[in-house]
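*Asks:* Supplied in structure tokens, the structure appears directly below.
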Amino acid sequence: MNYKIFKKFNRSVFVLSSMFLGLVSCYDSGYDEFVAPTGNVNNIQPNTLFTNSTNPDDNLSIVFRSYSTDATSYLWDFGDGNTSTEANPDYTYAEGGLYSVSLTTKSADGLVAEATSLVSPVFVDFDFTIIDSEVTFENLSSGASDLVWSFGDGETLGWNIEDTEEDADFNPVYAYKTAETFVATLTVTNFLGASVSVSKNIEGLVLSTVPDFSFSTKSLTATFTDESILAVSYLWDFGDGNTSTEQSPVHTYAESGSYEVTLTTTNDAGVSKSIVKAVPAGGVEPTFKAIVLNGSFDEFTKNTGDNADAWDMTPNSTVENNDGVKIDSLIKRFGIIRH
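And the structure:
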């Protein structure tokens, strides 16, 4: 019996078994090499052999080619519920994934042989929306075992099948630090280890301002301190009808109360953002008066009910309570006075 060598640039390598009853398949990124017997021998099973390769224009489309011998009929099962009786079908999957494909051939003598192989079509694409310098990426891919986002500024994020599609790295939100044009790339690896990438330009970024402030109050006067980022102008609304365009203003309210203060900042690109904080003004701070006649005051705790207050007094010293009553110290240096 003679033998013939077939070579074709594809993604799979198939080698006939020693009895020519089927094949063993493995995945490779190079080319296919096939060894198949030639000639026709009566009353033996057909030798079933096929290859598959991905359509470079559509990664969901697989090109199947049969190199079977002694076969007069074909039945392809693509692993997704669909079949074909063509000798060399081209098939497009509805979505990416891992599928077991089988080819069953029949000889003129009615004998049947079958071969199987795994294929992993993949669909790769993404969309995005831009708000100022923040970009929300939407992953439209299917059939991914792993994926890597490259944002074009040196930063990357990875995702794999052990995560969920609700994971933040599947549909990331990324804030760029400069307003350049970047090339974002999504690289998807299928279940057989082959990778496919798609890239898109990220244009029209505008760096955002981030408003923030702190404040302190004394009686009716509030002192505001600007802590904003990338701000070139300011607009303060003090919540009482008054405003200011100073960076860090001081404002005196007419009466006590809690006021909603709004700071709106604008960057050099004209983009504005606001922040609101509640500012109390004119509140009465609780105080108490302690008079030490002799010795030293150590600790005072104000609670309701029968409270214990610790005092550090020298012998024969006294303290005066809020009612003006003088209290003599106990015999020891440390005493507990209850009121």
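The sequence shown maps to residues -30 to -1, 1 to 309 in mature numbering (1 follows the signal peptide of the UniProt record, and there is no 0). Glycine included, every Cβ here is placed at the ideal spot set by N, Cα and C. The model shown is predicted, which means the values in this text are computed figures rather than measured ones.
Could you pull out every residue in the same chain whose Cβ sits closer than 6 angstroms to the Cβ of residue 311, ignoring the five residues on either side in sequence?
*Replies:* With the chain covering only -30 through 309, there is no way to say anything about residue 311.
*Asks:* Give every residue of the same chain whose Cβ lies closer than 6 angstroms to the Cβ of Tyr63, excluding the five residues on either side of it in the sequence, and list them in chain order.
*Replies:* Within the same chain, and ignoring the five residues on either side of Tyr63 in sequence, the residues whose Cβ sits closer than 6 angstroms to its Cβ are Leu30 and Pro91.
*Asks:* In the DSSP assignment, find the unbroken beta strand (DSSP E) run with Glu108 in it and report its ends.
*Replies:* Here the beta strand (DSSP E) through Glu108 covers Glu104 to Asn109.
*Asks:* So, with DSSP's three-state summary, where would you put Ser23?
*Replies:* strand
*Asks:* Would you kindly work out how many angstroms separate the C-alpha atoms of Gly80 and Glu65, rounded to a whole number?
*Replies:* 36 angstroms
*Asks:* Helix, strand or coil for Ala224 per DSSP?
*Replies:* coil
*Asks:* Specify the secondary structure class of Ser163 as computed by DSSP and reduced to three states.
*Replies:* Going by the sequence as given, residue 163 is Gly instead of Ser. Looking at Gly163 - three-state DSSP - the assignment turns out to be coil, as it is neither helix nor strand.
*Asks:* Which residue wins for smallest C-alpha separation from Glu56, given the options Arg35, Tyr69 and Asp40?
*Replies:* Distances from the CA of Glu56 to each of Arg35, Tyr69 and Asp40 were compared; the closest alpha carbon is that of Arg35.
*Asks:* I think Ser70 touches Thr86, with their Cβ atoms under 8 angstroms apart; what is that distance to the nearest whole Å?
*Replies:* 6 angstroms
*Asks:* In the DSSP assignment, what are the bridge partners of Lys243?
*Replies:* Thr235
*Asks:* Classify Glu181: buried if its beta carbon has 16 or more other beta carbons within 10 angstroms, exposed otherwise.
*Replies:* For the sequence presented, residue 181 should be read as Pro rather than Glu. Buried, because 16 or more other Cβ atoms sit within 10 Å of the Cβ of Pro181.
*Asks:* Considering only residues of the same chain and omitting the five flanking positions on each side of Asp28, which have a CB-CB separation below 8 angstroms?
*Replies:* Thr62
*Asks:* Can you give me the Cβ contacts of Tyr146 inside the same chain, cut-off strictly under 6 angstroms, excluding the 5 residues immediately before and after it?
*Replies:* Ser103 and Leu175
*Asks:* Tell me, please, whether the segment 240 to 251 touches the segment 211 to 230 by the rule of three or more beta-carbon pairs shorter than 8 angstroms.
*Replies:* yes
*Asks:* Tell me the rounded alpha-carbon separation between Thr126 and Tyr37.
*Replies:* 43 angstroms
*Asks:* Could you check the C-alpha separation between Thr234 and Ile245 for me, to the nearest Å?
*Replies:* When rounded, the distance between both Cα atoms is 7 angstroms.
*Asks:* For Leu205, tell me which candidate among Leu68, Thr187, Asn237 and Val33 has the shortest Cα-Cα distance.
*Replies:* Ranking Leu68, Thr187, Asn237 and Val33 by Cα distance to Leu205 puts Asn237 first.
*Asks:* Just verifying my parser: in three-state terms, what is the DSSP assignment at Glu230?
*Replies:* strand
*Asks:* How long is the line joining the alpha carbons of Phe194 and Ala138, rounded to whole angstroms?
*Replies:* 37 angstroms
*Asks:* Give the DSSP bridge partners of Asn141, in chain order.
*Replies:* Asn141 pairs with nothing; no bridge assigned.
*Asks:* Which residues in the same chain have their Cβ closer than 6 angstroms to the Cβ of Thr155, if we skip the five residues on either side of it in sequence?
*Replies:* Taken in chain order, the residues that qualify are Ser120, Ser167 and Ser169.
*Asks:* Relative to the C-alpha of Ala41, which residue among Asp50, Leu68, Ala78 and Gly67 is closest?
*Replies:* Ala78
*Asks:* Use the C-beta contact count for Val202: other C-beta atoms within 10 angstroms, 16 or more gives buried, fewer gives exposed.
*Replies:* Counting the other CB atoms within 10 Å of its CB gives Val202 a total below 16, which places it among the exposed residues.
*Asks:* Secondary structure at Tyr44, three-state DSSP: helix, strand or coil?
*Replies:* strand
*Asks:* In chain order, what residues of the same chain have a beta carbon less than 7 angstroms from the beta carbon of Asn141, not counting five sequence neighbours either side?
*Replies:* Phe107, Glu108 and Asn109
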